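Reading through the structure tokens given below for one structure.
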Amino acid sequence: MSAWRAAGLNYINYSSIAARILRRALKADVKAEAGKRDVSNLKFTPWIDGKAQKTPVAPSSG
Amino acid sequence: MLGRVGNLALLVCQNGPQLQQQCGMATLKAISIRLKSVKNIQKITQSMKMVSAAKYSRAERDLKQARPVGEGAKMFYERAEVEPLAEKPQKLYIAITSDRGLCGAVHTNICRQIRTILNGPDAENIKIVCVGDKSKAILQRTFGKHIILSVNDIGRLPPTFADASRLAAAILQSGYEFSSGKIFYNRFKSVVSYATTDLPVFSLATIQAAPKLSIYDSLDDEVIQSYLEFSLAALLYYTLKESACSEQSSRMTAMDNASKNAGEMIDKLTLTFNRTRQAVITRELIEIISGASAL
Chain X
0 MSAWRAAGLN YINYSSIAAR ILRRALKADV KAEAGKRDVS NLKFTPWIDG
50 KAQKTPVAPS SG
Chain H
0 MLGRVGNLAL LVCQNGPQLQ QQCGMATLKA ISIRLKSVKN IQKITQSMKM
50 VSAAKYSRAE RDLKQARPVG EGAKMFYERA EVEPLAEKPQ KLYIAITSDR
100 GLCGAVHTNI CRQIRTILNG PDAENIKIVC VGDKSKAILQ RTFGKHIILS
150 VNDIGRLPPT FADASRLAAA ILQSGYEFSS GKIFYNRFKS VVSYATTDLP
200 VFSLATIQAA PKLSIYDSLD DEVIQSYLEF SLAALLYYTL KESACSEQSS
250 RMTAMDNASK NAGEMIDKLT LTFNRTRQAV ITRELIEIIS GASAL
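In order, the protein sequence lines correspond to chains X and H.
Numbering that gives the first Met the number 0 puts the first residue of the first sequence at 0, with every later residue one more than the last.
Numbering that gives the first Met the number 0 puts the first residue of the second sequence at 0, with every later residue one more than the last.
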């Protein structure tokens, strides 16, 4: 088992962390443009038995 | 918006002449108020059309780049001939819509497909993830018990891969063990047409039971697991892009129609307005003349 999975990450978390690090390493002129692709504003609301749970949770991608 | 404009038109057509006969002055004012409001509506719909046209051209450009991502992920399931397992019937349906309305029937089509399935047999094994407030609003009353996750704040900005991967992570972390699922989205065809379609997604166990998995070389559980997680994000990204593009193009058409309808109404109302004004003037003249001749 790879180290990141042992640490409780799944491939999505792992790859998004990798992507973020890569974006940080970009040259300044393309960095701003790439930074725009890194944002996500989605809000998640879990539902139980037909009722939306009150606190919207935002599971982190990394 | 379309419906509202339509109703207004009906109202004017029905009540216009009748009111006119009852009291000329009041209707003159009523017509001018209505005329003004329709003009405002037209302005709004026209500007919405412009905005969505700009957003559409960007969405289409993005979609061209996103298509290979989705096609690749889809081909894996097709090549491996993955079939849903019979003994584990848990299914997950993901409805890709957005928060914004006024875009024709894009959201309704998605929800209608899901509703048809949920009204059929085996509905108790199906759970839904609602992406976008619209699908939540449509499905929550009748199928609230099936919803396990709803997502909003989508549709304002173009979807990003970060959105898709957070969505995929949230679905995987929701704790619902599905064996197969479907993503319902609107596949963009051209500016004027889209097709409501679905893409399959599967769980690890289902993939391992696939008959033709052996055509892929050196696969162990962990590789498949990782690939599945990634392909869920990739598929979601692709479907979000497709849906966003269809939505914008559909909104463009809807707003174009709304502006056209409003234009027609303005023409009719202007005509009625002028005619009424003429009638009022004539009547006043008659009153003055007959008053003068009576002296």
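Glycine residues also receive a C-beta, built at the ideal position from the N, C-alpha and C atoms.
Bear in mind the structure is a predicted one, so any value in this text is a computation, not a measurement.
Note down the Cα distance separating residue 74/H from residue 199/H, rounded to an integer number of angstroms.
11 Å
Using a Cβ-Cβ cutoff of less than 8 Å, which residues in the same chain neighbour residue 251/H once the five nearest sequence positions on both sides are dropped?
Cβ within range, chain order: 48, 51, 52, 55 and 190.
Let me check understanding here. Comparing Cα to Cα, which of 121/H, 263/H, 212/H and 243/H lies closest to residue 193/H?
243/H
Tell me the DSSP bridge mates of residue 180/H?
91/H and 200/H
Strictly below 8 Å CB to CB, what residues from chain X border residue 114/H?
Here the premise fails: no neighbours, minimum Cβ distance about 16 Å.
Would the beta-carbon of residue 108/H fall within 8 Å of that of residue 132/H?
no
Helix or strand or just coil, what does DSSP make of residue 275/H?
Secondary structure at residue 275/H: helix, using DSSP grouped into helix, strand and coil.
For residue 25/X, which of helix, strand or coil comes out of DSSP?
coil
Alpha carbon to alpha carbon, how far is residue 273/H from residue 158/H? Give it in angstroms, no decimals.
Roughly 49 Å between the two C-alpha positions.
Mind listing which residues of the region 36 to 48 of chain X have their C-beta closer than 9 Å to chain H's C-betas, in chain order?
36, 37, 38, 39, 40, 41, 42, 43, 44, 45, 46, 47 and 48
How big is the Cα-Cα spacing for residue 82/H and residue 253/H?
Rounded to whole angstroms, residue 82/H to residue 253/H spans 39 Å at the Cα level.
Can you grab the Cα-Cα spacing for the pair residue 298/H / residue 216/H, in whole Å?
No answer is possible for residue 298/H: the residues shown for chain H start at 0 and end at 294.
Around the C-beta of residue 52/X, are 16 or more other C-beta atoms found within 10 angstroms, so that it is buried, or is it exposed?
The residue in question, residue 52/X, is exposed, as its Cβ has fewer than 16 Cβ neighbours within 10 Å.
Should residue 16/X be flagged as near chain H, meaning a C-beta pair shorter than 8 Å?
With its beta carbon at least 8 Å from every one in chain H, residue 16/X lies outside the interface.
Tell me, which residues are paired with residue 102/H by DSSP?
104/H
Would residue 184/H and residue 238/H be called neighbours here (beta carbons separated by less than 8 Å)?
yes
What did DSSP end up calling residue 218/H once you bin it into helix, strand or coil?
coil
Please check if any C-beta of chain X sits within less than 8 Å of the C-beta of residue 162/H.
yes
Expressed to the nearest angstrom, what Euclidean distance is found between the alpha-carbon atoms of residue 163/H and residue 169/H?
Whole-angstrom Cα-Cα distance: 10 Å.
Hey, is residue 2/X's beta-carbon within less than 8 Å of any beta-carbon in chain H?
No, no contact with chain H.
Interface residues of chain X around residue 303/H at Cβ under 7 Å?
One cannot answer for residue 303/H here, as it falls past the ends of chain H, which runs 0 to 294.
Here's a check: name, in chain order, each residue in its chain whose Cβ is nearer than 7 Å to the Cβ of residue 205/H, leaving out the five neighbours to either side.
81, 83, 84, 178 and 179
Since residue 135/H is in the alpha helix (DSSP H), which residue starts that stretch and which ends it?
132 to 142
Of the residues 289/H, 282/H and 263/H, which one's Cα is nearest the Cα of residue 40/H?
263/H
DSSP three-state label for residue 126/H, please.
strand
Name the two residues that bound the continuous beta strand (DSSP E) containing residue 147/H.
146 to 151
Leaving out five residues on either side along the sequence, give the residues of the same chain with a beta carbon under 7 Å from the beta carbon of residue 197/H.
181, 182 and 183
List the residues of chain H that residue 51/X touches, going by C-beta distances under 7 Å, in chain order.
149
Can a CB atom of chain H be found closer than 8 Å to the CB of residue 20/X?
no
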